[in-house]
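Asker: Taking our numbering, the leading residue of the sequence shown gets 18, the next gets one more, and so forth.
Below is one structure. I have some questions about it.
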Amino acid sequence: MVLGALISPASLRWSFLICGTLGFVLLWQAAARLLDRLWWHPRRHERALRAQGLRGTPYRFLVGDVNAYERQNKEARSRPMPLRCHDIAPHVAPFLHNAVREHGKTCISWFGPFPKVTISDPDVTKEVMSNKFGHFEKLKFPALSRLLAEGVATYEGEKWVKHRRILNPAFHLEKLKLMLPAVSTSCEELVSRWTQSLGSDGTYEVDVCPEFQNLTGDVISRTAFGSSYLEGSRIFQLQSEQAERLLASVKKIIIPGYMSLPTRNNRRMHQINNEIESILHDLVGKRMQAMQEGESTKYDLLGLMLESNMRDTDENGQSISGMTIKEVVEECKLFYFAGTETTSILLTWTMIVLSMHPEWQDRAREEVLSIFGKSKLEYEGISRLKTMTMILYEVLRLYPPAVAFVRKTYKEIEIGGITYPAGVLIELPVLLIHHDSDIWGSDVHEFKPDRFAQGISKASKNPGAFLPFGWGPRICIGQQFALLEAKMALCMILQHFEFELSPSYTHAPHNGKLLRPWHGAQIKLRAM
Ligand code: HEM
Numbered sequence: 018m019v020l021g022a023l024i025s026p027a028s029l030r031w032s033f034l035i036c037g038t039l040g041f042v043l044l045w046q047a048a049a050r051l052l053d054r055l056w057w058h059p060r061r062h063e064r065a066l067r068a069q070g071l072r073g074t075p076y077r078f079l080v081g082d083v084n085a086y087e088r089q090n091k092e093a094r095s096r097p098m099p100l101r102c103h104d105i106a107p108h109v110a111p112f113l114h115n116a117v118r119e120h121g122k123t124c125i126s127w128f129g130p131f132p133k134v135t136i137s138d139p140d141v142t143k144e145v146m147s148n149k150f151g152h153f154e155k156l157k158f159p160a161l162s163r164l165l166a167e168g169v170a171t172y173e174g175e176k177w178v179k180h181r182r183i184l185n186p187a188f189h190l191e192k193l194k195l196m197l198p199a200v201s202t203s204c205e206e207l208v209s210r211w212t213q214s215l216g217s218d219g220t221y222e223v224d225v226c227p228e229f230q231n232l233t234g235d236v237i238s239r240t241a242f243g244s245s246y247l248e249g250s251r252i253f254q255l256q257s258e259q260a261e262r263l264l265a266s267v268k269k270i271i272i273p274g275y276m277s278l279p280t281r282n283n284r285r286m287h288q289i290n291n292e293i294e295s296i297l298h299d300l301v302g303k304r305m306q307a308m309q310e311g312e313s314t315k316y317d318l319l320g321l322m323l324e325s326n327m328r329d330t331d332e333n334g335q336s337i338s339g340m341t342i343k344e345v346v347e348e349c350k351l352f353y354f355a356g357t358e359t360t361s362i363l364l365t366w367t368m369i370v371l372s373m374h375p376e377w378q379d380r381a382r383e384e385v386l387s388i389f390g391k392s393k394l395e396y397e398g399i400s401r402l403k404t405m406t407m408i409l410y411e412v413l414r415l416y417p418p419a420v421a422f423v424r425k426t427y428k429e430i431e432i433g434g435i436t437y438p439a440g441v442l443i444e445l446p447v448l449l450i451h452h453d454s455d456i457w458g459s460d461v462h463e464f465k466p467d468r469f470a471q472g473i474s475k476a477s478k479n480p481g482a483f484l485p486f487g488w489g490p491r492i493c494i495g496q497q498f499a500l501l502e503a504k505m506a507l508c509m510i511l512q513h514f515e516f517e518l519s520p521s522y523t524h525a526p527h528n529g530k531l532l533r534p535w536h537g538a539q540i541k542l543r544a545m
């Protein structure tokens, strides 16, 4: 009887009415929240920023400027630049370049529904990067970093402090000196492979991009993880494919939950991630076992991380929490990624630019031969390489591997005379700062390493305008390591070869995940 009353037509009507109203209210709330996030919120930000005199592109629902950004990038890519031309900003970052020209050095554009303010003043840039009062955080895409790498580069706050403290000692000067033999071995292998490939006329034409990728993968494997060339290059290969897939469309990163859909691309990315993690778990497992069996700790990067995992007190007996094995594996992924592509790009651009400017190639070679002759390199000599240092700085100025940094305001903040609400992206366009004639002079687009003759601070009108490795607390942890590796590789190449651009080289710098030559870097080597 009770059941009969419950399912009577009158009570059913009431249940439908209540459930329907509830459902409608919930749907309405969700729709309102979504609309607020995608429309009202960006419009409020836009009004607040424009009221302070900022100009820029108007907000477009959901996609922002992403379509225009992708289209302009693609168009520029298909237009090669003239050889020996270093005025690359209009080609590499057309959207950014045009926005700044049209709307001023501080201007608004849109990354999906997020307002993005580009700031090209180096003083304000440094203020943002120094993050003195903790108002800024790095821009994060959790789905992306879960698949690529999490670690010190993506953490904030206490966790970042802990990881940076554990990792820093791996890059101290005395540790760098200990790495010399391993870096030397990798460079010798490269030079001897090239020597064996020389034809009967004493020349060999090679695309140096993949060559340097293998070299830097090998170097990081040996120096940071005490592992082999094979592991290094397999991880590099997998990470490159992963990054290409992730960055194939910026839109996918903006759409929440997209990366969890079981598409073919997403499934492949999870497969890649599993393979990388399995290689790294193996590597970590073997080192742990060796340490437990009493083998003396190698104080390379992996050794320091695992030691922190095994220790629970510091030198003063205070209890500390080290890295978990999961965190160690994530850091390994990050260091393979951060440590290979960037340095290989620096080496690639240096070979291209020295081929375009043979007078500087000769000056660099003279310096190398006067310090080392054709014998082995040692640290003291490397630290005396002045011309080589100037050349590398000038290449990093003209072709910075990371063309812009992005931060997000996480509290309201006033900076450079503008008040930014929370949730605004701040884009710091290193490429534009490095190519600004107001800062570097009218010869800004010329390759003139001499400008660094008196050091970085005297190279331009603003001592803080050279930012290839970032600035402030989040400055690149591996910058000294990268410069050492690049100098050693170049020294050995200059000791053995003269080089020039192959006729098949097309000058087309392109900014994908980093700034690289879109059609490769075909170089003709000649034995000396
Ligand atoms: C020419 C070579 C390199 C360049 C141009 C470069 C550039 C940079 C830049 C610009 C940043 C700061 C990004 C930001 O603030 O948003 C950075 C951070 C970082 N780099 Fe490098 N890098 C290079 C080589 C390396 C190497 C060889 C390693 C490792 C062995 C490395 C590891 C890292 C790490 C872990 C961070 C994050 C630091 C943190 O957030 O605390 N980099 N790099």
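In this text, a Cβ means the ideal position worked out from N, Cα and C, and glycines have one as well.
It should be emphasised that the depicted structure is a prediction, and the values quoted were computed from it without experimental measurement.
Could you compute how far the alpha carbon of residue 277 sits from the alpha carbon of residue 505?
Answerer: Near 43 Å, if we compare the C-alpha coordinates of residue 505 and residue 277.
Asker: To which residues does DSSP link residue 97 through a beta bridge?
Answerer: Answer is none; residue 97 lacks a bridge partner.
Asker: Do the segment 429-442 and the segment 97-105 meet, that is, are 3 or more Cβ pairs less than 8 Å apart?
Answerer: At 8 Å Cβ cutoff, the stretches do not touch.
Asker: Between the segment 395-402 and the segment 204-218, are three or more C-beta pairs nearer than 8 Å?
Answerer: Contact fails: fewer than three Cβ-Cβ distances are below 8 Å.
Asker: Quick check on residue 279: buried or exposed, where buried means 16 or more other Cβ atoms within 10 Å of its Cβ?
Answerer: It counts as exposed.
Asker: Is any non-hydrogen atom of the ligand HEM found closer than 7 Å to the C-beta of residue 355, if you look at the structure I gave you?
Answerer: Answer for residue 355: yes, Cβ within range of the ligand HEM.
Asker: Secondary structure at residue 224, three-state DSSP: helix, strand or coil?
Answerer: Here residue 224 sits in strand by DSSP.
Asker: Starting from residue 528, follow the beta strand (DSSP E) in both directions and report where the run begins and ends.
Answerer: Run containing residue 528: 526-528, per the beta strand (DSSP E) assignment.
Asker: The ligand HEM heavy atoms versus the CB of residue 491: any closer than 7 Å?
Answerer: Yes, since a heavy atom of the ligand HEM falls inside the 7 Å radius drawn around the Cβ of residue 491.
Asker: Could you tell me whether the Cβ atoms of residue 374 and residue 483 are closer together than 8 Å?
Answerer: For residue 374 and residue 483, no; Cβs fall outside 8 Å.
Asker: Given a cut-off of 8 Å, decide if residue 237 and residue 353 are closer than it, judged by their beta-carbon atoms.
Answerer: Taking 8 Å as the Cβ cut-off, residue 353 and residue 237 qualify as a contacting pair.
Asker: Please list the terminal residues of the continuous beta strand (DSSP E) segment that includes residue 134.
Answerer: That run of the beta strand (DSSP E) goes 131-136.
Asker: Kindly indicate which three-state DSSP category residue 520 falls into: helix, strand or coil?
Answerer: Coil at residue 520, not helix or strand.
Asker: Is the beta carbon of residue 150 closer than 8 Å to that of residue 440?
Answerer: The answer is no: Cβ separation not under 8 Å.
Asker: Taking the beta carbon of residue 471 as the centre, do at least 16 other beta carbons fall within 10 Å, making it buried, or is it exposed?
Answerer: Result: exposed.
Asker: Can you list, in chain order, the residues of its chain with a C-beta nearer than 7 Å to that of residue 197? Leave out the 5 residues immediately preceding and following it.
Answerer: Correct list, in chain order: 396.
Asker: Between residue 244 and the rest of its own chain, which residues show a CB-CB distance below 6 Å, the 5 nearest in sequence each way excluded?
Answerer: Around residue 244: 238 and 300.
Asker: Note down the Cα distance separating residue 478 from residue 456, rounded to an integer number of angstroms.
Answerer: Taking the straight line joining both Cα atoms gives about 5 Å.
Asker: Apart from the five residues on each side of it in sequence, which residues of its chain come closer than 7 Å, Cβ to Cβ, to residue 97?
Answerer: The answer, listed in chain order, is 523, 524 and 525.
Asker: Below 8 Å on the Cβ atoms is my guess for residue 5 versus residue 224; work out the distance and round it to an integer in Å.
Answerer: Any answer about residue 5 is impossible in this case: the structure gives the chain only from 18 up to 545.
Asker: Hey, out of 275, 263 and 227, whose CA is closest to residue 254's CA?
Answerer: Nearest C-alpha to residue 254: 227.
Asker: Sorted by chain position, which residues of the same chain lie with C-beta nearer than 7 Å to residue 231's C-beta, five sequence neighbours on each side aside?
Answerer: Here the set comprises 250.
Asker: Alpha carbon to alpha carbon, what distance is there between residue 28 and residue 86?
Answerer: Going from the Cα of residue 86 to the Cα of residue 28 covers about 57 Å.
Asker: Quick one: what's got a C-beta closer than 7 Å to residue 530's C-beta in the same chain, skipping five residues either side?
Answerer: 260 and 264.
Asker: Is it buried or exposed for residue 475, if we count other Cβ within 10 angstroms and need 16 for buried?
Answerer: Residue 475 is exposed by the Cβ-count criterion.
Asker: With DSSP run on the structure shown, which of helix, strand or coil describes residue 238?
Answerer: DSSP places residue 238 in helix when its eight states are reduced to three.
Asker: Pull up the distance between the alpha-carbon of residue 495 and that of residue 363, whole angstroms please.
Answerer: Their Cα atoms are separated by approximately 13 Å.
Asker: If contact is defined by three or more beta carbon pairs under 8 Å, each pair taking one atom from either stretch, is the segment 143-163 in contact with the segment 104-124?
Answerer: Short answer: they don't touch.
Asker: Could you check whether the Cβ of residue 487 sits closer than 7 Å to any heavy atom belonging to the ligand HEM?
Answerer: Answer for residue 487: yes, Cβ within range of the ligand HEM.
Asker: Spell out a yes or no on whether the segment 377-397 and the segment 67-82 are touching, meaning 3 or more CB-CB pairs, one atom from each, closer than 8 Å.
Answerer: These segments do not touch.
Asker: Within 8 Å of any Cβ in chain C, is that where the Cβ of residue 429 sits?
Answerer: Absent from the structure: chain C. Only one protein chain is present.
Asker: Which whole-angstrom value describes the C-beta separation of residue 417 and residue 451, a residue pair presumed to lie in contact below a C-beta threshold of 8 Å?
Answerer: With 8 Å as the limit, residue 417 and residue 451 qualify as a contact, their Cβ atoms being about 6 Å apart.
Asker: Give the list of continuous alpha helix (DSSP H) stretches no shorter than 4 residues that lie fully inside the segment 392-475.
Answerer: You should have 396-399, 403-415, 447-451 and 454-457.
Asker: Give the secondary structure of residue 173 by DSSP, where H, G and I count as helix, E and B as strand, and everything else as coil.
Answerer: The answer is coil: DSSP assigns residue 173 none of H, G, I, E or B.
Asker: The alpha helix (DSSP H) that contains residue 153, what's its start and end?
Answerer: Note, residue 153: premise wrong, no alpha helix (DSSP H); beta strand (DSSP E) at 153-155.
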